[in-house]
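Residue numbers (this note's numbering): 6 to 283. We treat Cβ as the ideally placed atom computed from N, Cα and C, and that holds for glycine. Predicted model only: the values in this text are computed from it and were never measured. Remarks on the structure that follows.
Dropping the structure here:
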């Protein structure tokens, strides 16, 4: 692949452990896996607002109690925020109206997650959703294969609403390795008929405990074939967990990225990744 560029665009004080983001009209919506808020950062005036997603939210919820919001997707004016499903209190999916700035609905996906685990032959301790895409007709939920079984799986759910009857497809992927350790899905975004995804390498066999960070990749999947077009290593030091489309021009495509720093420090760096369009 031709040369990519990765740069720090800016830093936001007040958000820690960023795990997902969505860019829309100079506003950057961000979730953190240890927070009960959806953050809204205006990139023009650098103002940060926060919107409660759960009752009695705080910015640093203890690890054993946190809802673990790991993925964020949107359709029309609704944001969908997903818990990872990696423990019993991480099964929430919140629908948020970005026009009126309010929570539309809170959903418990414990039954759906159980069906997905059974269908995909993924043990509960290896189930850890960290990416979500919704195109209005289909949901694509990404299981991060950082457990013992290394199950990097995309679940395709054919349904307009996750409360409807649905057809389910599970597609498994072997992602690239660093130092012999396979990378695992951490986020994804739909751009036209392609899914761009992040995967990262952490030296751990647990979906719960963090490990040494060894690097991250960007990759692309063709929506028609569900096969990987390419993967590209973009860092040896960052655990990127959030990806959103920024702009496309002059045969280049730009994304905004955020990283989970695995600390209680309330600051988040936003990176810009520029790729040539292949």
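A distance below 8 Å between beta-carbons, with the five flanking residues on each side excluded, links residue 242 to the following residues of its chain, in chain order: 218 and 220. With fewer than 16 other Cβ atoms inside 10 Å of its own Cβ, residue 153 counts as exposed. If you draw a straight line from the Cα of residue 108 to the Cα of residue 122, it is about 28 Å long.
According to DSSP, residue 174 shares a beta bridge with 161. Excluding residues up to 5 positions away in sequence, 38, 88, 89 and 95 lie with their Cβ nearer than 6 Å to the Cβ of residue 73 in the same chain.
For residue 281, DSSP records a beta bridge to 257.
Of the candidates 199, 198, 182 and 124, the residue whose Cα lies closest to the Cα of residue 205 is 182. In the displayed model, residue 116 falls within a helix according to three-state DSSP.
Using a C-beta cut-off of 8 Å, the stretch 233-247 makes contact with the stretch 183-193, since at least three inter-stretch Cβ pairs fall below that distance.
Beta-bridge partners of residue 98 (DSSP): 87 and 112.
Nearest to residue 110 by C-alpha distance, out of 59, 8, 11 and 132, is 59. DSSP places residue 123 within a helical segment (H, G or I) once states are collapsed to three. Counted as a single uninterrupted DSSP element, the beta strand (DSSP E) harbouring residue 139 occupies residues 134-139.
Taking C-beta atoms as the reference points, residue 280 and residue 9 count as a pair closer than 7 Å.
Here residue 23 is buried: its Cβ has 16 or more other Cβ atoms, across all protein chains shown, within 10 Å.
Annotation for residue 26: the continuous beta strand (DSSP E) segment containing it runs 23-29. In the DSSP assignment, residue 78 falls within the unbroken beta strand (DSSP E) covering 74-80. Beta-bridge pairing by DSSP links residue 46 to 33 and 53. In this structure, 35 is the residue among 120, 54, 35 and 65 with its C-alpha nearest to the C-alpha of residue 78.
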